[in-house]
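Chains A and B, in that order, give the protein sequences. Residue 97 in the working numbering is what sits at position 85 of the first sequence, and the numbering runs on without skipping anything. Residue 195 in the working numbering is what sits at position 134 of the second sequence, and the numbering runs on without skipping anything. Just so it is clear, CB atoms sit at the ideal spot from N, CA and C, and this is done for glycine as well. None of these values were measured; they are calculated from a predicted model. This report concerns only the one structure given below.
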Amino acid sequence: MTLANPQEELKGSGRRLAGVVALMARHRVLAVLGFLLVFPFLLPYEALAVNILIYGLFALGFNLVFGYMGVLSFGHAAFFGLGSYATGIVIVHYGMHWFPAILVGAVAAGLGAAVIGALAIRTRGIYFAMVTLALSQCVYYLVYQLEDLSGGENGLRGVDVYDLGLPGLELTLLDPLTKYYFVFVFVALAVWLFSRILASPFGAVLEALRENEDRARACGTNVALSKWLAFVISGLFCGLAGSLNAIHLTIVPIESLHYHTSGLAVMMSLLGGMGTFFGPFVGALTFLVLEDVITLVTVHWQLFVGALFVFFILFLPRGIWGSFLRWASR
Amino acid sequence: MSDKVKSKLTRKFPGVSRRSVLKSAAVGATAIGAGPLMFNIAKAASETIRIGFPVPLTGPYGSEAQEQARCAQIAVDQFNAGGGLGGRMAELLVRDDKLKPGEAATRTLELIEKDKVHFVCGSLSASVQLSVNAVTKARGIIYVSISQSDAINEAKDFSKYTFHEAMNPHMTAGAVGRYAFPKFGKRVAFLIADYAYGHEMVRGFKQAGEAHGIEVVAEVTHPLASKDFSPFLPQIQAARPDVLCLCNFGYDQMNSLKQATGFGMKQQMQVLAPALLYNQRRAGGAGAYEGVIGGANYHWTLENSVASAKAFNDAYRKENEGAPPSDYGAYGYAGVGALLDGVKKAGTTDSDPVIAALEELKYDKYKGTQYYRKCDHQSVQSVFIIESKSKKDMANEYDVFDIVHTDEASEDVLRSCAELGHEA
Numbered sequence: 013m014t015l016a017n018p019q020e021e022l023k024g025s026g027r028r029l030a031g032v033v034a035l036m037a038r039h040r041v042l043a044v045l046g047f048l049l050v051f052p053f054l055l056p057y058e059a060l061a062v063n064i065l066i067y068g069l070f071a072l073g074f075n076l077v078f079g080y081m082g083v084l085s086f087g088h089a090a091f092f093g094l095g096s097y098a099t100g101i102v103i104v105h106y107g108m109h110w111f112p113a114i115l116v117g118a119v120a121a122g123l124g125a126a127v128i129g130a131l132a133i134r135t136r137g138i139y140f141a142m143v144t145l146a147l148s149q150c151v152y153y154l155v156y157q158l159e160d161l162s163g164g165e166n167g168l169r170g171v172d173v174y175d176l177g178l179p180g181l182e183l184t185l186l187d188p189l190t191k192y193y194f195v196f197v198f199v200a201l202a203v204w205l206f207s208r209i210l211a212s213p214f215g216a217v218l219e220a221l222r223e224n225e226d227r228a229r230a231c232g233t234n235v236a237l238s239k240w241l242a243f244v245i246s247g248l249f250c251g252l253a254g255s256l257n258a259i260h261l262t263i264v265p266i267e268s269l270h271y272h273t274s275g276l277a278v279m280m281s282l283l284g285g286m287g288t289f290f291g292p293f294v295g296a297l298t299f300l301v302l303e304d305v306i307t308l309v310t311v312h313w314q315l316f317v318g319a320l321f322v323f324f325i326l327f328l329p330r331g332i333w334g335s336f337l338r339w340a341s342r
Numbered sequence: 062m063s064d065k066v067k068s069k070l071t072r073k074f075p076g077v078s079r080r081s082v083l084k085s086a087a088v089g090a091t092a093i094g095a096g097p098l099m100f101n102i103a104k105a106a107s108e109t110i111r112i113g114f115p116v117p118l119t120g121p122y123g124s125e126a127q128e129q130a131r132c133a134q135i136a137v138d139q140f141n142a143g144g145g146l147g148g149r150m151a152e153l154l155v156r157d158d159k160l161k162p163g164e165a166a167t168r169t170l171e172l173i174e175k176d177k178v179h180f181v182c183g184s185l186s187a188s189v190q191l192s193v194n195a196v197t198k199a200r201g202i203i204y205v206s207i208s209q210s211d212a213i214n215e216a217k218d219f220s221k222y223t224f225h226e227a228m229n230p231h232m233t234a235g236a237v238g239r240y241a242f243p244k245f246g247k248r249v250a251f252l253i254a255d256y257a258y259g260h261e262m263v264r265g266f267k268q269a270g271e272a273h274g275i276e277v278v279a280e281v282t283h284p285l286a287s288k289d290f291s292p293f294l295p296q297i298q299a300a301r302p303d304v305l306c307l308c309n310f311g312y313d314q315m316n317s318l319k320q321a322t323g324f325g326m327k328q329q330m331q332v333l334a335p336a337l338l339y340n341q342r343r344a345g346g347a348g349a350y351e352g353v354i355g356g357a358n359y360h361w362t363l364e365n366s367v368a369s370a371k372a373f374n375d376a377y378r379k380e381n382e383g384a385p386p387s388d389y390g391a392y393g394y395a396g397v398g399a400l401l402d403g404v405k406k407a408g409t410t411d412s413d414p415v416i417a418a419l420e421e422l423k424y425d426k427y428k429g430t431q432y433y434r435k436c437d438h439q440s441v442q443s444v445f446i447i448e449s450k451s452k453k454d455m456a457n458e459y460d461v462f463d464i465v466h467t468d469e470a471s472e473d474v475l476r477s478c479a480e481l482g483h484e485a
């Protein structure tokens with residue numbers, strides 16, 4: 013389950029590929045961003061690329077608690093959805109400018125995570141997964157019932173941000189490539205911030221918690237507070253992903269709060285490789301591209317995606333990127 | 062059956078003959094010879110008319126969605142057989158929206174960005190059509206919705222690019238209410254699925270009931286996708302209504318009906334189901350549905366009195382081993398058919414002329430004359446009141462409903478333009 017630091021795995025290896033991987037690991041932010049910069053040109057259409065960015069960011073945020081801290085949450089749809097709805101509602105009902113609206117979305121999700129985290133963080137393992145699932149379902153029904161604000165089952169429509177209104181720049185999100193780079197800017201900032209958090213002493217604490225909670229406590233770590241803080245930070249990232257999704261789709265569907273969305277984050281993290289920096293984006297890419305390609309061929313796409321998932325769990329439990337790192341540094 | 066659909070869906074170039082290939086090759090060669098400007102003109106004139114068709118091929122309404130796609134393909138085939146738009150053929154691009162609004166929005170973006178569709182038609186849920194509509198209206202693409210919703214008529218969601226071919230809950234429930242209240246009594250109970258569609262039907266019933274002075278004796282809501290209705294049905298029985306209105310859909314409707322039948326409620330009251338669907342009735346069986354009165358946009362036995370219904374049924378039967386089309390399938394046929402009529406009339410695929418043509422259009426695709434009301438582009442059409450037959454009265458397995466009454470096409474049964482928030 014656990015993965016050693018890739019840089020450590022690489023020690024003593026003189027192979028060229030390993031060298032490249034090490035270089036990427038050292039400059040992981042640049043590597044991710046460099047790839048994402050040319051990314052839309054590699055895919056059949058831009059909306060798919062935007063989805064991968066957004067879900068990649070969502071899985072990245074989720075991976076902080078799942079991969080780095082080693083706690084499985086089944087309630088992250090709540091943060092994705094809260095971010096979406098908060099951004100959507102302040103734009104639709106209060107006419108807020110898109111930039112503060114995105115911040116409102118992230119903060120709302122952070123607050124949600126603070127509350128849910130405070131209630132759930134003392135439980136462990138399967139109990140933690142169940143408590144987060146239950147609380148996120150509460151959020152789902154709450155938003156579902158607030159029909160005047162959220163649109164209920166019909167979803168929230170009218171998040172019409174097209175003209176960015178930047179001084180000196182005439183940018184419209186109706187152009188798919190512009191929309192991609194608009195989302196990219198936010199994802200880039202988030203990825204950089206995420207890397208800083210991981211590199212900080214706090215990042216080390218998270219991994220210590222994953223490896224051995226008792227020892228971390230013995231070393232003087234405030235376990236409950238650290239876990240809670242990680243949960244809140246994770247919520248902020250997922251909320252940002254949700255906000256961007258609201259602007260991308262111009263609607264907020266109620267399904268963004270559904271526990272299927274939580275499952276999506278788990279699946280993408282596992283596919284890509286949990287506890288790796290690139291893993292979430294690799295997972296989002298694999299999942300969404302496969303789904304996109306297979307649905308064009310057959311209506312039984314779930315069968316194939318499911319089989320693939322089982323294959324990874326059984327034979328490549330480190331996920332695509334995790335296995336690649338292993339192989340490259342052997 | 063599904064293989065057949067697939068081959069239909071993947072067939073890219075219907076009716077491409079060697080001659081037409083040769084012809085276009087000749088045109089192409091001339092055009093290349095004549096320079097790039099000519100080439101562009103030739104390309105625009107011969108470009109296929111692409112219609113995106115997002116429907117939930119997977120999920121609980123999968124078979125209904127495949128039916129819609131089959132019927133829409135018939136409309137496209139007929140258009141092409143008639144020579145298309147001066148030789149320009151039409152093509153249907155079916156996509157799976159998985160019954161999720163977010164997925165539908167992405168798929169619609171794909172259809173617009175990658176496949177460069179000229180029009181979008183489809184959807185099988187209120188929330189999905191609203192999300193498709195949000196994407197298409199921002200990009201100036203005409204969208205013809207083929208499933209029920211009241212919200213899409215309202216000024217907030219409407220745009221000039223939005224057309225609604227399906228009936229809406231308001232007119233369906235209203236028609237059923239006007240037929241049933243004077244006949245069966247004024248004490249009315251509602252069983253409501255707790256989402257927009259359920260509440261929209263209640264509103265339609267209540268407005269229709271005002272004229273008949275109905276008294277609401279019970280209003281019971283149940284969560285969407287309930288399996289067990291035993292907590293809800295006794296409350297209704299206790300209120301002793303004359304009429305029970307089932308304001309739910311699909312499996313909710315089927316399960317609540319089966320249990321109500323088991324509770325002996327049909328002997329105590331008349332059951333109404335505004336959205337009484339052909340395929341749902343066939344899945345649920347004659348026993349559960351027997352005697353239930355509901356509304357429908359279509360039932361195939363209409364062919365006995367309406368010529369266009371006969372033509373549509375025959376075209377469908379030819380490709381589907383003699384089985385008649387379903388009501389929701391007919392929406393797919395009419396939605397795409399009317400759209401292509403508009404294209405032919407406008408002589409172009411540009412949105413604005415096609416909108417103008419559609420607003421003027423009187424079309425009779427399968428059920429008598431229909432037209433799009435100017436203010437909200439709602440298709441004005443007749444509503445059929447149907448009664449589910451008992452097993453012994455059925456002439457064959459498809460003969461499930463009796464058309465007991467027809468509410469003729471009229472704008473009076475719709476909410477007024479002012480009520481919907483439209484100007485003038």
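Based on Cα-Cα distance, which residue from the options lies nearest to residue i?
| i | options | result |
| --- | --- | --- |
| leucine 131/A | Val143/A, Phe321/A, Ala340/A, Gly275/A | Val143/A |
| aspartate 218/B | Gly87/A, Ala146/A, Ala118/A, Val104/A | Val104/A |
| phenylalanine 293/B | Tyr339/B, Ala234/B, Ala254/B | Ala254/B |
| valine 217/A | Pro56/A, Thr190/A, Ile66/A, Leu76/A | Leu76/A |
| glycine 79/A | Val278/A, Tyr193/A, Leu29/A | Val278/A |
| alanine 4/A | His109/A, Leu94/A, Ser238/A, Phe316/A | Nothing in the structure corresponds to residue 4/A, since chain A is present only between 13 and 342. |
| isoleucine 297/B | Gly274/B, Met326/B, Tyr312/B | Met326/B |
| glycine 265/B | Pro117/B, Gly238/B, Arg378/B, Ala407/B | Gly238/B |
Which same chain residues, not among the five before or five after residue i, have their C-beta less than 7 angstroms away from its C-beta?
| i | result |
| --- | --- |
| glycine 190/B | Residue 190/B is actually glutamine in this sequence, not glycine. Excluding residues within five positions, the ones whose Cβ falls inside 7 angstroms are Ser184, Ser206, Ser208, Ser210, Ile213. |
| threonine 410/B | Ile110, His179, Val404 |
| serine 451/B | Ala347, Glu351 |
Tell me where the alpha helix (DSSP H) around residue i begins and ends.
| i | result |
| --- | --- |
| alanine 6/B | Because chain B spans 62 through 485 in this model, residue 6/B falls outside it and cannot be assessed. |
| alanine 254/B | No alpha helix (DSSP H) holds alanine 254/B; the beta strand (DSSP E) holding it covers 248-254. |
| proline 230/B | 230-245 |
| serine 124/B | 123-142 |
| glycine 79/A | Glycine 79/A -> no alpha helix (DSSP H), and no H or E assigned at all. |
| serine 335/A | 331-340 |
| glycine 8/A | Outside the shown range of chain A (13 to 342) lies residue 8/A, about which nothing can therefore be said. |
| leucine 333/B | Not the alpha helix (DSSP H): leucine 333/B falls in the beta strand (DSSP E), residues 331-336. |
| glutamate 448/B | Counting along the chain, glutamate 448/B falls outside any alpha helix (DSSP H), though it belongs to the beta strand (DSSP E) covering 444-449. |
| histidine 272/A | 271-284 |
Rounded to a whole number of angstroms, what is the C-alpha to C-alpha distance between residue i and residue j?
| i | j | result |
| --- | --- | --- |
| tyrosine 152/A | glycine 254/A | 14 angstroms |
| tryptophan 333/A | glycine 68/A | 14 angstroms |
| serine 449/B | alanine 376/B | 25 angstroms |
| aspartate 138/B | tryptophan 339/A | 54 angstroms |
| alanine 417/B | alanine 470/B | 21 angstroms |
| histidine 272/A | threonine 467/B | 43 angstroms |
| glutamate 215/B | phenylalanine 299/A | 37 angstroms |
| leucine 337/A | glycine 82/A | 19 angstroms |
| alanine 103/B | leucine 181/A | Only weak support exists for where alanine 103/B lies, its pLDDT of 47 falling under 50; the value from the coordinates is given anyway. Roughly 36 angstroms between the two C-alpha positions. |
| valine 155/B | leucine 45/A | 35 angstroms |
| valine 199/A | threonine 310/A | 33 angstroms |
| valine 88/B | alanine 43/A | Confidence at valine 88/B is low in this model, with a pLDDT of 47, below 50, so its placement is unreliable and no value can be given for it. |
| leucine 186/A | valine 193/B | 15 angstroms |
| glycine 262/B | histidine 231/B | Per the sequence presented here, residue 262/B reads as methionine, with glycine not at that position. Cα to Cα, the separation comes out at about 6 angstroms. |
| tyrosine 394/B | leucine 55/A | 33 angstroms |
| arginine 229/A | leucine 221/A | 8 angstroms |
Identify every residue that forms a DSSP beta bridge with residue i.
| i | result |
| --- | --- |
| cysteine 182/B | Val205/B |
| arginine 169/A | Ile263/A |
| glycine 356/B | Ala336/B, Ile446/B |
| aspartate 468/B | Val444/B |
Assuming residue i is part of the beta strand (DSSP E), what are its boundary residues?
| i | result |
| --- | --- |
| leucine 153/B | 151-157 |
| histidine 225/B | 223-225 |
| isoleucine 112/B | 110-116 |
Looking only at its chain, what residues have a beta carbon closer than 6 angstroms to the beta carbon of residue i, apart from the 5 residues adjacent to it on each side?
| i | result |
| --- | --- |
| alanine 296/A | Ile64, Tyr67, Gly68, Ala71, Met280 |
| alanine 2/B | Residue 2/B lies beyond the residue range present for chain B, which begins at 62 and ends at 485; the question has no answer from this structure. |
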